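Numbering (this note's numbering), first residue to last: 4 to 146. Don't be surprised by glycine CBs; every beta carbon is placed ideally from N, CA and C. These figures come from a predicted structure and were not determined experimentally. Working notes, beginning with the structure itself.
In structure tokens form, the structure reads like this:
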């Protein structure tokens, strides 16, 4: 599935979130995109849609993982693996336990931890189009 959003159109992003959630088959979601592509913005929009208090949302760049609770009191984890040196650091931090918890896990920069991921995951890839629009491609993987 592919969704195209105009640059900085938060209304269109909010409208796209239900379609994105419907297309995702697994609780572990890998989010790929270049620096500034909108990975954190996308996760924030999804969390808001799920009922997370917008005042609690922030980038986990320095904390590695943020934990939220949605409107149904379900736990959501948002990871930013950009600053990890290697998979061993992620393993020592216990990230693998989150991924197998059954809770929603949104993971930015997942290539740094590929060997720690479960065999089933969904992936959102964000790329920039010619007019600065965001193109979100969604796929589900069972290895």
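* To do: Figure out for me which residue from 19, 35, 18 has the closest Cα to the Cα of residue 126.
  => 35
* Through-space distance from residue 88 to residue 15, alpha-carbon basis -> 35 angstroms
* Taking residue 128 as the reference, which of 97, 86, 134, 113 has the closest Cα? -> 113
* Asked: For residue 111, which of 67, 92, 78, 138 has the nearest alpha-carbon?
  -> 67
* Can you check whether the CB of residue 82 is closer than 8 angstroms to the CB of residue 63? -> yes
* To do: Label residue 107 either buried or exposed according to how many other C-beta atoms from any shown protein chain fall within 10 Å of its C-beta, with 16 as the threshold for buried.
  => buried
* In terms of alpha-carbon separation, which member of 53, 21, 124 lies closest to residue 30? -> 124
* So what does DSSP say about residue 20, is it helix, strand or coil? -> helix
* **Proximity below 8 angstroms, CB of residue 72 to CB of residue 46** => no
* **Exposure label - residue 7; buried when at least 16 CB within 10 Å** => exposed
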